[in-house]
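**Student:** Residue numbers (this note's numbering): 48 to 537. Backbone N, C-alpha and C define an ideal beta-carbon position, used for all residues, glycine too. Here the structure is a predicted model, which means the values were calculated and not measured.
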RNA sequence: CGGGGUGUAGCUCAGUUGGUUAGAGUACUGGUCUGGGGGACCAGGAGUCGGAAGUUCGAGUCUUCUCACCCCGACCA
């Protein structure tokens with residue numbers, strides 16, 4: 048079989064790049080750092096969106112849309128927020144072009160904007176500026192709004208889906224009357240993300256909070272979910288921030304409480320992005336290509352006919368059409384690959400590359416015996432099944448694949464989660480078989496930075512309900528009450 | 001922004017000390033045979049050799065400048 052992918056073991060990041068391109072998910076565009084998401088990749092994103100959107104609505108949120116551009120002055124209102132994003136902002140300075148002397152076009156210097164516009168890297172500022180007008184009374188709260196949008200962060204180095212200059216995401220921005228309520232909201236949403244990751248992506252995640260270093264610019268607490276990729280590096284899959292009253296103060300958003308007293312509003316924001324595509328790809332795929340969870344696959348089943356002549360093709364197609372009707376009735380999504388331009392072997396390889404969970408093949412033999420050949424993508428196992436049982440078998444096969452890939456990823460994570468007590472052990476693991484490392488930390492920024500400098504590992508999260516125990520920081524030897532999770536990360 | 005590298009057909013690349021009309025594989029188009037794991041053969045289309053300037057009788061090849069992209073760092077969802 049001709050190899051189109053670099054082996055995972057040989058060069059993990061090359062394997063990832065090859066996979067994204069060859070599975071037809073996305074490609075680099077003519078614009079630096081910006082990708083084109085191709086139809087096959089986009090349809091996976093659409094599935095993610097649909098599920099997440101309904102989860103947001105079930106938890107009481109509504110969708111809205113805010114501007115792409117943010118006046119520069121808005122940005123400076125929350126000090127730490129500016130600091131966090133200033134270095135990666137795209138700025139609009141002019142609003143017109145004109146013909147230049149050399150026959151091309153140039154920016155018209157007379158069309159300079161009085162105030163520059165920032166292309167949003169995130170929307171807290173424009174949204175809180177708007178909320179000021181929306182919130183007057185405790186009766187206006189809570190305000191539970193989400194938007195689906197694109198944002199721009201001018202990253203130095205980009206990688207398809209994992210880090211692009213422009214990416215798609217959703218950002219929830221909520222306003223509350225009390226600290227308690229805002230904290231509950233932030234936690235609720237990180238749990239929504241965790242459920243989504245595990246039940247749909249089939250990716251096990253750890254839930255926790257960020258250390259001060261890694262916290263969102265402007266947040267008082269950042270909750271996150273972290274997943275472990277097959278190369279032992281962590282990928283942050285979603286964040287939910289408790290913003291306290293920082294943005295309310297910056298944008299002067301106050302409400303009158305029941306006692307007729309003015310108070311600042313409490314806030315949260317939370318988001319997941321097209322980076323989830325990267326998690327999905329890296330968590331399950333193998334040297335034959337993508338492995339998609341049935342719940343998010345653009346189609347769950349692909350049907351490949353095998354035939355020698357038009358007669359056979361017609362007979363087989365008739366039977367396939369009957370099957371397709373049954374699939375439709377049972378809400379199993381499918382594609383009948385009846386292209387005559389490619390031979391069966393080519394199609395097998397192609398659909399494996401694209402990660403379709405189940406392949407059904409039917410040739411003259413199956414036609415005679417009234418059977419189907421089923422092949423599952425996750426284990427590559429094949430079986431022959433009689434026509435009467437095919438729908439039931441497919442249903443439990445799809446369920447089984449969804450469960451199996453989650454289990455496989457969980458087992459992998461378990462095998463790559465370590466508890467260490469010395470810095471030597473810590474470094475040794477990072478060099479040999481990296482993963483999540485549970486270790487004691489003295490809680491200081493300085494120690495975290497030193498460890499990052501020396502090993503490139505950072506604190507991915509502080510577990511939500513850590514096991515309390517007396518320990519010593521692996522770096523400084525100072526006392527510590529619980530372990531935190533370290534890893535190298537994307 | 002620092003270090004390293006690469007630009008030749010859609011893609012992957014070859015192209016000798018400068019020397020005719022710039023090649024291959026693959027993909028693409030047409031055809032014939034094929035068809036249970038990435039088919040074979042025949043024919044065909046496809047290029048401003050990244051761009052600009054220079055040296056030369058002559059530049060894909062040499063010189064200078066420039067642009068773009070890739071890899072490794074610093075920055076990050």
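Under the criterion of a Cβ to heavy atom distance below 8 Å, does residue 168 qualify as lining the ligand FMN?
**Tutor:** Questions concerning the ligand FMN fall outside what the structure shown contains, since it holds no ligand whatsoever.
**Student:** Need the endpoints of the beta strand (DSSP E) that residue 381 sits in, please.
**Tutor:** Counting along the chain, the beta strand (DSSP E) containing residue 381 begins and ends at 381–383.
**Student:** Is it right to say residue 48 is buried, meaning 16 or more other beta carbons lie within 10 angstroms of its own, or is it exposed?
**Tutor:** Any reading at residue 48 must be qualified, since the residue scores a pLDDT of 44, below 50, and its modelled position is unreliable; the value itself is stated next. Counting Cβ neighbours within 10 Å, residue 48 comes out exposed, since fewer than 16 surround it.
**Student:** If you reduce the DSSP assignment to three classes, tell me which class residue 318 lands in.
**Tutor:** Note: residue 318 maps to strand in three-state DSSP.
**Student:** Select from 271, 385, 403 the residue whose C-alpha is nearest the C-alpha of residue 335.
**Tutor:** Per the Cα distances, 403.
**Student:** Within 10 angstroms of its Cβ, does residue 412 collect 16 or more other Cβ (buried), or is it exposed?
**Tutor:** Classification for residue 412: exposed.
**Student:** For residue 285, report the span of its beta strand (DSSP E) as first-last.
**Tutor:** Element bounds for residue 285: 281–291.
**Student:** Out of 380, 267, 86, 156, which has the shortest C-alpha to C-alpha gap to residue 226?
**Tutor:** For residue 226, the nearest C-alpha among the options comes from 267.
**Student:** At 3 residues or longer, what runs of the beta strand (DSSP E) sit wholly inside the segment 429–469?
**Tutor:** The segment 429–469 contains these whole beta strand (DSSP E) runs: 429–433, 464–466.
**Student:** Just the Cα atoms here: how many angstroms apart are residue 186 and residue 246?
**Tutor:** Approximately 36 Å, taken between the alpha carbons.
**Student:** Around the Cβ of residue 76, are there at least 16 other Cβ atoms within 10 angstroms (buried) or fewer (exposed)?
**Tutor:** Counting Cβ neighbours within 10 Å, residue 76 comes out exposed, since fewer than 16 surround it.
**Student:** Which partner residues does residue 184 have in the DSSP bridge list?
**Tutor:** Paired residue(s): 303.
**Student:** Return yes when the Cβ of residue 502 is within less than 9 Å of the Cβ of residue 525, no when it is not.
**Tutor:** No, the pair does not count as a contact, with Cβ atoms beyond the cut-off.
**Student:** Rounding to the nearest angstrom, what Cα-Cα distance links residue 386 and residue 360 in this structure?
**Tutor:** Straight-line Cα distance between these residues: approximately 11 Å.
**Student:** Whose CA, out of 284, 298, 325, lies closest to the CA of residue 269?
**Tutor:** When only C-alpha atoms are compared, the closest one is 284.
**Student:** Please work out which residues of its chain come closer than 7 Å, Cβ to Cβ, to residue 6, disregarding the five sequence neighbours upstream and downstream, and give them in chain order.
**Tutor:** No answer is possible for residue 6: it lies beyond the span of the chain, which begins at 48 and ends at 537.
**Student:** Quick check on the DSSP output: what are the complete alpha helix (DSSP H) runs of length 4 or more inside the segment 85–124, in order along the chain?
**Tutor:** Entirely contained in the segment 85–124, the alpha helix (DSSP H) runs reaching 4 residues are, in chain order, 86–105, 119–122.
**Student:** Return the bridge partner residues of residue 330 from the DSSP annotation.
**Tutor:** DSSP, once it has assigned bridges, lists no residue as partnering residue 330.
**Student:** Can you list, in chain order, the stretches of the alpha helix (DSSP H) that have 4 or more residues and sit fully within the segment 360–406?
**Tutor:** 391–400, all fully within the segment 360–406.
**Student:** So residue 312 and residue 301 are supposed to be a Cβ contact under 8 Å. How far apart are they, rounded?
**Tutor:** Right, the Cβ-Cβ distance comes to about 7 Å (below 8 Å), so this counts as a contact.
**Student:** Using the rule of at least 16 other Cβ atoms within 10 Å of the residue's Cβ for burial, across every protein chain shown, is residue 54 buried or exposed?
**Tutor:** Exposed, by the Cβ-count rule.
**Student:** What separation, rounded to the nearest whole angstrom, lies between the Cα atoms of residue 196 and residue 112?
**Tutor:** Computed Cα separation, rounded: 8 Å.
**Student:** Does the Cβ-Cβ distance between residue 88 and residue 67 come in under 9 Å?
**Tutor:** Taking 9 Å as the Cβ cut-off, residue 88 and residue 67 qualify as a contacting pair.
**Student:** Taking its Cβ as the centre, do 16 or more other Cβ atoms sit within 10 Å of residue 399, making it buried, or is it exposed?
**Tutor:** Counting Cβ neighbours within 10 Å, residue 399 comes out buried, since at least 16 surround it.
**Student:** In its own chain, which residues sit with a C-beta less than 8 Å from the C-beta of residue 276, not counting the 5 before and 5 after it?
**Tutor:** Hits under 8 Å: 282, 326, 329, 330, 537.
**Student:** According to the Cβ coordinates, are residue 60 and residue 206 closer than 9 Å?
**Tutor:** Yes, Cβ-Cβ distance for residue 60 and residue 206 is below 9 Å.
**Student:** In angstroms with no decimal places, state the Cα-to-Cα distance between residue 454 and residue 510.
**Tutor:** About 21 Å.
**Student:** Name, in chain order, the residues that DSSP records as bridge partners for residue 166.
**Tutor:** Paired residue(s): 116.
**Student:** Using a 10 Å radius around the Cβ and a threshold of 16 neighbouring Cβ atoms, would you call residue 176 buried or exposed?
**Tutor:** By the neighbour-count rule (16 or more Cβ atoms within 10 Å), residue 176 is buried.
**Student:** Determine the closest residue to residue 493 out of 128, 259, 152, with distance taken between C-alpha atoms.
**Tutor:** The residue with the shortest Cα to Cα distance from residue 493 is 259.
**Student:** Would you kindly work out how many angstroms separate the C-alpha atoms of residue 142 and residue 162, rounded to a whole number?
**Tutor:** Those two C-alpha atoms are separated by around 11 Å.
**Student:** So who's on the other strand from residue 159, going by DSSP bridges?
**Tutor:** BP columns for residue 159 point to 141.
**Student:** Beta carbon of residue 534, beta carbon of residue 507: below 9 Å?
**Tutor:** The answer is yes: Cβ separation under 9 Å.
**Student:** Between the C-alpha atoms of residue 440 and residue 65, what's the straight-line distance to the nearest angstrom?
**Tutor:** Near 33 Å, if we compare the C-alpha coordinates of residue 65 and residue 440.
**Student:** I need the DSSP call for residue 324, collapsed to helix, strand or coil.
**Tutor:** Here residue 324 sits in helix by DSSP.
**Student:** Quick check: the Cα distance between residue 500 and residue 340, rounded to an integer number of angstroms?
**Tutor:** Looking at the two C-alpha atoms, the distance is approximately 37 Å.
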